[in-house]
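Have a look at the structure below, then the notes.
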Amino acid sequence: PMAQYEAPYGIIGPPVSYAMAARRYMHQYGEDRTRQAMAEIAVSTRKWANLNPMAYFYDKPTTFDDYHNSKWVAWPFHLLDCCLVTDAGAAIVITTPERAKNAKNGSVKILGAGEGHDHSGISQMPDLTSAFGRHTGPQALEMAGVSHSDIDLAMIYDSFTYTALVSLENLGFCGPGEGPDFVASQRTAPGGDFPMNTNGGGLSYTHPGMYGIFTVVEAARQLRGQAGERQLEDCNLAVAHGTGGLLSSTGTVVLGAN
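Just add 508 to the spot in the sequence shown (first one is 1) and you have this note's numbering.
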């Protein structure tokens with residue numbers, strides 16, 4: 509197992525592994541702007557959770573001061589950079605277009621998908637600032653026949669704030685190192701022009717270990733107009749993107765309203 513090569517150097521568990529990747533990003537693109545970007549994501553995601561009665565942190569708003577004052581977990585991660593650890597479950601039903609016409613609660617269309625894997629342990633990651641979403645994102649969008657500007661909702665796996673930040677770049681919504689500017693000024697929060705993780709994400713909604721399917725469930729709710737107080741206007745296309753392992757494998761799907 510990969511752990512035998514990494515554990516002697518203190519690389520044990522996801523927080524330390526992801527923190528190492530985040531530190532490389534900071535070195536490459538700037539520590540202060542990366543820190544601010546992670547804070548933006550933590551705060552904006554909590555705002556979405558505050559609109560979701562099912563979210564773990566539904567009634568617990570947070571501020572930038574709360575973020576910066578939260579305890580350290582593995583530098584550069586504060587507690588509020590890290591996802592929840594909860595019990596939860598989710599499921600989806602996949603069927604034919606003909607059968608979907610009779611779905612009582614509506615349905616959504618799977619328009620495109622991509623998946624891939626390029627390493628196991630974090631020490632074997634070819635580029636700590638770039639996960640395999642750089643391939644699966646373009647694959648899914650090309651299959652769907654849509655562009656980034658067509659997407660109304662991004663559901664991005666967020667084991668850590670850094671995961672969401674680097675995934676936005678990898679998927680092509682912005683270029684390498686441009687993520688901090690892309691998420692600035694609460695752009696991904698309620699009222700922003702790039703809604704992301706509208707259920708509250710793994711950071712503030714739930715995270716039972718295998719969170720990825722929850723990105724698809726929330727995308728389906730938004731596309732069907734069933735997201736309650738957090739419902740987006742004119743939500744017709746959504747991207748759901750999951751990351752597995754230690755930024756090791758990714759899966760991306762484009763969903764459309766039916």
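Even for Gly, the Cβ is constructed at its ideal location relative to N, Cα and C.
Because the structure is a prediction, the values reported are computed rather than measured.
Classify residue 763 as helix, strand or coil using the three-state DSSP reduction.
Numbered from 1 along the sequence shown, position 255 holds the residue referred to as residue 763. Three-state DSSP puts residue 763 in a strand.
Sufficient close CB pairs (3 or more, under 8 Å) joining the stretch 566 to 581 to the stretch 514 to 522:
Short answer: they don't touch.
Inspect the beta-carbon positions of residue 659 and residue 746 and report whether they are closer than 9 Å.
Within the sequence shown, numbered from 1, the residue matching residue 659 stands at position 151. Within the sequence shown, numbered from 1, the residue matching residue 746 stands at position 238. Yes, the Cβ-Cβ distance between residue 659 and residue 746 is below 9 Å.
Span of the alpha helix (DSSP H), counted from its first residue to its last, around residue 582
Position 74 of the sequence shown holds residue 582. The continuous stretches of alpha helix (DSSP H) do not include residue 582, which lies in the beta strand (DSSP E) extending over residues 580 to 582.
Within 10 angstroms of its Cβ, does residue 607 collect 16 or more other Cβ (buried), or is it exposed?
The sequence position of residue 607 within the sequence shown is 99, counting from 1. With fewer than 16 other Cβ atoms within 10 Å, it is exposed.
Using only CA atoms, which one of 709, 744, 653, 760 lies nearest to residue 590?
On the sequence shown, residue 590 is found 82 positions in, with the first residue counted as 1. Comparing Cα positions, the closest option is 709.
Would you identify the three-state DSSP class for residue 723, choosing helix, strand or coil?
Here residue 723 refers to the residue found at position 215 when the sequence shown is read from its first residue. Of the three classes helix, strand and coil, the one that applies to residue 723 here is helix, per DSSP.
I need the boundaries of the alpha helix (DSSP H) containing residue 535, first residue and last residue.
Position 27 of the sequence shown, counting from 1, holds the residue named residue 535. According to the DSSP assignment, residue 535 belongs to the alpha helix (DSSP H) that extends over 522 to 537.
Three-state secondary structure (DSSP) at residue 651?
Here residue 651 refers to the residue found at position 143 of the sequence shown. It is helical.
Just to confirm, are residue 653 and residue 760 a CB contact at a threshold of 9 Å?
The residue given as residue 653 occupies position 145 in the sequence shown. The residue given as residue 760 occupies position 252 in the sequence shown. No, Cβ-Cβ distance for residue 653 and residue 760 is not below 9 Å.
Contact check, residue 718 vs residue 662, beta carbons under 9 Å
As a position in the sequence shown, residue 718 is number 210, starting the count at 1. As a position in the sequence shown, residue 662 is number 154, starting the count at 1. With contacts defined by Cβ atoms closer than 9 Å, residue 718 and residue 662 do not form a contacting pair.
Closest by C-alpha distance to residue 682, when choosing among 665, 549, 642:
Here residue 682 refers to the residue found at position 174 when the sequence shown is read from its first residue. Of 665, 549, 642, the residue nearest in Cα terms is 642.
Just curious, the alpha helix (DSSP H) that residue 671 is in, first and last residue?
For the purposes of this step, residue 671 is taken as the residue at position 163 of the sequence shown. Residue 671 -> alpha helix (DSSP H) spans 669 to 679.
Separation of residue 518 from residue 739, as counted between CA atoms
Taking the first residue of the sequence shown as position 1, residue 739 is located at position 231. Taking the first residue of the sequence shown as position 1, residue 518 is located at position 10. One C-alpha to the other measures close to 43 Å.
Span of the alpha helix (DSSP H) holding residue 608?
In the sequence shown, the residue the question calls residue 608 occupies position 100. Note, residue 608: alpha helix (DSSP H), 605 to 608.
Please classify residue 528 as buried or exposed, where buried requires at least 16 other C-beta atoms within 10 Å of its C-beta.
In the sequence shown, the residue the question calls residue 528 occupies position 20. With at least 16 other beta carbons inside 10 angstroms of its own, residue 528 counts as buried.
Segment contact, 8 Å Cβ cut-off, at least three pairs: the stretch 720 to 731 with the stretch 626 to 633:
Result no; under three Cβ-Cβ pairs closer than 8 Å.
Determine the contact status of residue 651 and residue 680, defining contact as a CB-CB distance below 9 Å.
Numbered from 1 along the sequence shown, position 143 holds the residue referred to as residue 651. Numbered from 1 along the sequence shown, position 172 holds the residue referred to as residue 680. Against a cut-off of 9 Å, the Cβ pair of residue 680 and residue 651 comes out as no contact.
Please report the distance separating the alpha-carbon of residue 626 from that of residue 592.
Position 118 of the sequence shown holds residue 626. Position 84 of the sequence shown holds residue 592. Distance from the CA atom of residue 626 to the CA atom of residue 592, rounded to whole angstroms, is 26 Å.
In its own chain, which residues sit with a C-beta less than 6 Å from the C-beta of residue 510, not counting the 5 before and 5 after it?
Start at 1 with the first residue of the sequence shown, and residue 510 comes out as number 2. Taking residue 510 as the centre and dropping the five residues before and after it, the same chain places the C-beta of 628, 629 closer than 6 Å to its C-beta, in chain order.
Minimum C-alpha distance to residue 543 - residue among 685, 613, 558:
Translated into the one-based positions of the sequence shown, residue 543 becomes position 35. When each option's Cα is compared against that of residue 543, the closest is 685.
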